[in-house]
Structures are given as structure tokens and as C-alpha cells.
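Notes follow the structure.
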Amino acid sequence: MISDFFFQIAGLKNIPRTGWKMKLNLQDSESVAEHSYMMSVVAMVMADLKNLNTEKILKMTILHDWAESKIGDFMPDEITIEKKTELEEYAMTELLDELPPAIKDNYFDIWNDYKENLSNEARFVHELDKLEMALQGKIYEKETDPEKIKPFLISAVEKIADDELKKILIEILEKNKFGVI
């Protein structure tokens with residue numbers, strides 16, 4: 001039933017982003033839903049500015065972490081890539097089975113494109129994920145030791161290749177903990 005699907009996805013509001021919680025020892029880290037929402041805001045604005053396929057990018061951004069509603073959020077060192085891929089594929093298949101075939105297949109294809117990094121949109125969304133992480137890291141600088149944030153920011157610098165996203169990343173990184181954010 002579609003309502004079961006909605007309840008399952010709503011659970012993302014209660015799943016903390018594990019990296020922030022574990023590495024920064026925060027009591028109240030952002031949820032997966034909060035991350036997806038902020039990523040969607042950034043995705044919509046940037047896709048429109050760059051005249052990209054905003055609809056596909058938004059769908060990809062919104063559904064990229066849906067599997068976590070069933071399996072939780074894992075840090076890279078907690079589970080092998082192979083095991084995570086297996087769990088996510090099972091979770092997405094189970095989740096999407098609650099939806100009509102007409103949209104189920106489309107959503108699975110978009111999610112698979114993201115996971116396999118197949119299209120320009122998928123590569124862009126992966127970079128947006130890192131940009132949002134850098135933004136959240138700068139927000140957390142107020143609450144924790146900035147040195148603990150550094151690995152997250154370095155990861156964003158290393159993974160973002162798009163020129164416009166790099167410019168925005170530089171703006172984000174230049175904000176200090178006493179700045180606007």
C-alpha cells in the first residue's frame with residue numbers, strides 16, 4: 001500500500017546521519033530526511049542555474065537515501081561496499097514494491113543510475129551530496145571542534161569537480177564559525 005511506503009520513508013526523519021553522530025559525538029545530528037531536504041534545495045537551484053534536467057536531478061536527490069529507511073545509515077568503515085550494495089538493493093526493491101509499477105520502475109532506474117554513477121545527472125548529484133556535507137560541516141563548527149570537521153571538508157574538496165559547485169564550496173569553506181552560518 002502506498003500509505004505503508006509513506007510511513008516507511010517518514011522514518012528517515014528519525015534516522016540520524018551516522019558520520020556526524022559518531023565522528024563528532026553530537027547528541028542531535030541532522031537526520032537523513034533533513035540531509036535529503038537540504039540537498040534537494042541545493043539541487044533545484046543549481047540544476048536550474050545550470051539548465052540541467054532539474055526534474056531528474058530532484059528525483060534522484062530525493063530518493064538517493066530511501067534505502068536507509070529500512071537498513072539505516074552506515075559509515076564506510078562499518079560495512080563493505082558489496083554488503084551495503086546488496087542491502088540497499090534489497091531494501092529499495094522491497095520499498096518500491098509498495099508503489100504502482102508505472103512509477104516503481106522509473107524510481108528504481110533513477111536510483112540505480114545514482115548508485116552506479118551512470119549519467120551526468122548522477123555525477124552531479126554525488127557532488128551535490130558532498131557540497132551539502134560541507135555546508136552542514138560548517139554549521140556544526142559552532143558546536144564542536146573544527147578539527148573534527150576537517151576530514152569531511154577535505155572529502156568535499158577532493159570530490160567536487162564541477163566549476164560552479166567548486167566556487168560555492170569555496171564560499172562555504174571561507175565562512176568561519178563566527179560568520180553568517
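Numbering of the sequence shown is given in full-length UniProt numbering, commencing with residue 1 and proceeding in unit increments.
The beta carbon of each residue, even a glycine, is placed where N, CA and C say it ideally should be.
For residue i, does the three-state DSSP call read helix, strand or coil?
i	result
PRO16	strand
LEU173	helix
PHE5	helix
THR80	coil
GLY72	coil
ALA161	coil
ASP109	helix
ASP65	coil
LYS167	helix
GLY179	In this prediction, GLY179 scores a pLDDT of 49, lower than 50, which makes its location untrustworthy; the coordinate-derived value is nonetheless stated afterwards. Here GLY179 sits in coil by DSSP.
LEU52	coil
Would you list the residues sitting across from residue i in a DSSP beta bridge?
i	result
SER31	PRO16
Applying the 10 Å Cβ sphere with the 16-neighbour rule, what's the burial state of residue i?
i	result
MET1	exposed
ARG17	buried
ILE172	buried
TYR90	exposed
SER3	exposed
THR61	buried
MET46	buried
MET75	exposed
ARG7	Per the sequence shown, residue 7 should be read as Phe rather than Arg. PHE7 comes out exposed.
GLY179	Interpretation of GLY179 is limited by its pLDDT of 49, a score under 50 that renders its predicted location unreliable; the figure taken from the coordinates is listed afterwards. With fewer than 16 other Cβ atoms within 10 Å, it is exposed.
Who are the near neighbours of residue i in its chain, counting only those whose CB is closer than 7 Å to its CB and skipping five residues on each side?
i	result
PHE5	LEU95, GLU98, LEU99
GLU116	none
LYS130	SER155, ALA156, LYS159, ILE160
Give the single residue among the options whose Cα lies nearest to the Cα of residue i.
i	options	result
LEU58	MET38, ALA67, MET92	MET38
LYS148	GLU158, GLU82, GLN136	GLN136
TRP20	PRO151, HIS64, LYS175	PRO151
ASP28	VAL41, VAL42, LYS13, SER40	LYS13
GLU88	LYS104, HIS64, PRO101	HIS64
TRP66	THR93, GLU174, ASN117	THR93
LYS175	ILE139, HIS126, SER155	ILE139
LYS23	GLU78, TYR107, SER69, ALA33	GLU78
ALA33	ASN51, LEU165, GLY72	GLY72
LYS169	LEU52, SER31, LEU128	Lys is not the amino acid found at residue 169; the sequence shown has Leu there. Ranking LEU52, SER31, LEU128 by Cα distance to LEU169 puts LEU128 first.
ASN106	GLU86, LYS56, LEU131	LYS56
GLU132	ALA156, LEU52, ASN25	ALA156
VAL125	PRO101, ASN25, GLU82, THR54	THR54
ASP163	LEU153, MET44, LYS50, ILE9	LYS50
Quick one: what's got a C-beta closer than 6 Å to residue i's C-beta in the same chain, skipping five residues either side?
i	result
ASP113	SER119, ALA122
GLY11	SER69
HIS35	ARG17
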